[in-house]
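Residue numbers (the numbering used here), protein chains in the order written: chain R, 26 to 144; chain B, 1147 to 1277. Beta carbons are placed, not taken as given, at the ideal position from N, Cα and C, and that holds for glycine.
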């Protein structure tokens, strides 16, 4: 993947999530008394289900780019070597394990989210 | 001489020895808050959505929980405040992407502004949760 594509994925998902979050926040702050009925009408609407599904995928892409950046910035031989020089040879293994962890966690989250929204 | 200097060149970076300007603190806390959200706020939000839409009884449990100040409400409020912080610093980064506030001075001012805005939000949420 090209660097510019990764850059755009992170920014476009960020803008989508910003609009989505603003919309949800406006619902919660402007609705005077949120009863079960008003909440269910909102949460069961196609608009909420569709946008929340897109948001789950957007948050997955957005966080993968961010977490990948953090990993390649801080989990390298140069930075880990400061803690202990013996870590240097394991830097790639540590970073790959970290990547595996967040990909697993993020995928599980998005899958659960889709199940909860449409199930 | 030059050889000696070359030998003393630091190979490993002590991240704690670097003194960071406020704009860098804004950037690194954006990353840290992002990690918090990824591992805690997201599953928490999903749990709240799942639980509150299951049945009216469940919804009322959540609603009554939020009317009292408990460890759970504090955790929820804290998690969403961290999210709000990430959003605020994120907007600052997005504005810089479209070349707004890119100068050294502007980035310092916007870092401060984000922190002030977030502090106000924290106080508003604390008032709503505690009182």
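Residue 111 of chain R to residue 1166 of chain B span [Cα, whole Å]
Approximately 27 Å, taken between the alpha carbons.
Same chain only: Cβ atoms within 7 Å of residue 1222 of chain B, ignoring 5 sequence neighbours per side
Excluding sequence neighbours, residue 1222 of chain B sits near 1190.
Residue 1164 of chain B - DSSP class collapsed to helix/strand/coil
Residue state, collapsed to three classes: coil.
Under 8 Å, do residue 1179 of chain B and residue 1228 of chain B count as touching if we go by C-beta distance?
With respect to residue 1228 of chain B, residue 1179 of chain B sits close: the two C-beta atoms are nearer than 8 Å.
Is residue 45 of chain R close to chain B, meaning its C-beta is less than 8 Å from at least one C-beta of that chain?
With 8 Å as the cut-off, residue 45 of chain R does not count as an interface residue toward chain B.
So is residue 33 of chain R in contact with chain B if we call contact Cβ pairs under 8 Å?
Answer no: the Cβ-Cβ gap between residue 33 of chain R and chain B never drops below 8 Å.
Distance check for residue 1181 of chain B and residue 132 of chain R, CA to CA, integer angstroms please.
Straight-line Cα distance between these residues: approximately 15 Å.
Tell me which residue opens and which closes the alpha helix (DSSP H) that residue 44 of chain R is part of.
28 to 55 is the span of the alpha helix (DSSP H), which, as asked, contains residue 44 of chain R.
Hey, is residue 48 of chain R's beta-carbon within less than 8 Å of any beta-carbon in chain B?
Cβ-Cβ to chain B under 8 Å: no for residue 48 of chain R.
Element boundaries [alpha helix (DSSP H), containing residue 1196 of chain B]
Here the alpha helix (DSSP H) through residue 1196 of chain B covers 1188 to 1198.
Quick one: residues in its chain with C-beta nearer than 7 Å to the C-beta of residue 1192 of chain B, no 5 flanking neighbours on either side, listed in chain order?
Once the five neighbours on either side are set aside, residue 1192 of chain B has no close Cβ partner at all.
Exposed or buried, residue 1280 of chain B, counting other C-beta atoms within 10 Å across all chains shown (16 or more means buried)?
No answer is possible for residue 1280 of chain B: it lies beyond the span of chain B, which begins at 1147 and ends at 1277.
Own chain, CB closer than 7 Å to residue 1198 of chain B, minus 5 neighbours either side, in chain order:
Once the five neighbours on either side are set aside, the close Cβ partners of residue 1198 of chain B are 1204, 1205 and 1208.
Taking 8 Å as the cut-off, decide whether the C-beta atoms of residue 135 of chain R and residue 81 of chain R are in contact.
Contact flag set, yes.
Go ahead and pull the three-state DSSP assignment for residue 1245 of chain B.
The answer is coil: DSSP assigns residue 1245 of chain B none of H, G, I, E or B.
Within 8 Å of any Cβ in chain R, is that where the Cβ of residue 1247 of chain B sits?
No Cβ of chain R is located within less than 8 Å of the beta carbon of residue 1247 of chain B.
Endpoints, alpha helix (DSSP H) assigned at residue 124 of chain R
Counting along the chain, the alpha helix (DSSP H) containing residue 124 of chain R begins and ends at 116 to 143.
Quick one: which residues of the stretch 73 to 95 of chain R get their C-beta closer than 9 Å to a C-beta of chain B? List them in chain order.
Of all residues in the stretch 73 to 95 of chain R, only 77, 81, 84, 87, 88, 91, 92, 94 and 95 come within less than 9 Å of chain B when Cβ atoms are compared, listed by chain position.
Suppose the cutoff is 8 Å on Cβ atoms and the five residues either side in sequence are ignored; what does the same chain contact list for residue 48 of chain R look like?
These residues qualify, in order along the chain: 76.
Could you tell me which chain B residues have their CB closer than 7 Å to the CB of residue 138 of chain R, listed as they occur along the chain?
Those are 1192, listed as they occur along chain B.
Quick check: residue 1260 of chain B and residue 1240 of chain B, are their CB atoms within less than 8 Å of each other?
No.
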